[in-house]
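A.B. asks: Structure provided below as structure tokens; questions to follow.
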Amino acid sequence: MPAIVRAITAASLVGALVVLQALELVPSAPDLALRTLGVVAVGCVAVVGGSAVTSAVLGLAMRDGVVGGQHGGILIASADDPIPRRDRPEVLRGGTAIGYLERFAIVGAALVGHLEIVAAVVAIKGLGRFTELDTAAARERFIVGTLTSSCWAGLCSAGALALV
9 MPAIVRAITA
19 ASLVGALVVL
29 QALELVPSAP
39 DLALRTLGVV
49 AVGCVAVVGG
59 SAVTSAVLGL
69 AMRDGVVGGQ
79 HGGILIASAD
89 DPIPRRDRPE
99 VLRGGTAIGY
109 LERFAIVGAA
119 LVGHLEIVAA
129 VVAIKGLGRF
139 TELDTAAARE
149 RFIVGTLTSS
159 CWAGLCSAGA
169 LALV
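The sequence shown begins at 9 in our numbering and counts up by one.
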């Protein structure tokens, strides 16, 4: 299934939950077990569904000429070589795994009420990727991916908090 279809499905589910809660149409679960199950389900949608949402947004936002690498990173063209070659090193590898951890930390931070953890997550991510952000394409992908992933996790956190 294409990333855009998965992204729309996940966004619809979480959006519906947030809207229903805002309209006070979400009944509270009768016991702790059901509430916990609901929060865990929304947390899973945040972590796993965020990958589809982020991939879809990156696909829409990335400029032409950005070529995906074998390991999930991107191949960057130099000024001398406007077309990325397959023998160039990949940058921003491991973004999918980092995104899962990022969204997990953000949802967890919201659920425990310590949003300062979100600032630490973004800072750690930026410092860890700093040496790979020497081209405009890498910086653009990093910023778009981070903001999309963080906003998705924040939206899902609102849905999870609605169930608590």
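Heads up, the beta-carbon is just placed ideally off N, CA and C, and yes, glycines get one too.
Could you check how far apart the C-beta atoms of residue 168 and residue 61 are, in whole angstroms? I think they sit under 8 Å.
C.D. replies: Actually they do not touch by this definition, with Cβ atoms about 16 Å apart.
A.B. asks: Over what stretch of residues does the alpha helix (DSSP H) that includes residue 134 continue unbroken?
C.D. replies: That run of the alpha helix (DSSP H) goes 124 to 137.
A.B. asks: Three or more C-beta pairs closer than 8 Å, one from the segment 48 to 68 and one from the segment 104 to 119: is that the case here?
C.D. replies: The segment 48 to 68, when compared against the segment 104 to 119, does touch it at the 8 Å Cβ threshold.
A.B. asks: Taking 8 Å as the limit between beta carbons, can you name the residues of its chain near residue 133, skipping five residues before and five after?
C.D. replies: Cβ neighbours of residue 133 beyond the five flanking positions: 106, 110, 154.
A.B. asks: Any idea what DSSP makes of residue 76, helix, strand or coil?
C.D. replies: Three-state DSSP puts residue 76 in a strand.
A.B. asks: Counting along the chain, where does the alpha helix (DSSP H) carrying residue 149 start and finish?
C.D. replies: Unbroken alpha helix (DSSP H) run through residue 149: 144 to 171.
A.B. asks: Pull up the distance between the alpha-carbon of residue 7 and that of residue 160, whole angstroms please.
C.D. replies: Since the first residue shown for the chain is 9 and the last is 172, residue 7 is missing from the structure and cannot be characterised.
A.B. asks: Could you tell me the distance, in whole angstroms, from the CA atom of residue 119 to the CA atom of residue 21?
C.D. replies: Residue 119 and residue 21: Cα-Cα distance of roughly 19 Å.
A.B. asks: Residue range of the alpha helix (DSSP H) that residue 111 falls in?
C.D. replies: Where residue 111 is concerned, the enclosing alpha helix (DSSP H) stretches over 103 to 120.
A.B. asks: Quick check on this structure: which residue in 14, 141, 67 has the alpha carbon closest to the alpha carbon of residue 101?
C.D. replies: Among 14, 141, 67, the Cα nearest to that of residue 101 belongs to 141.
A.B. asks: Could you check the C-alpha separation between residue 138 and residue 162 for me, to the nearest Å?
C.D. replies: About 24 Å.
A.B. asks: Do you know how far the Cα of residue 143 is from the Cα of residue 128?
C.D. replies: When rounded, the distance between both Cα atoms is 24 Å.
A.B. asks: Taking DSSP's pairing of strands, which residues face residue 82 in a bridge?
C.D. replies: Answer is 76, 99, bridged to residue 82.
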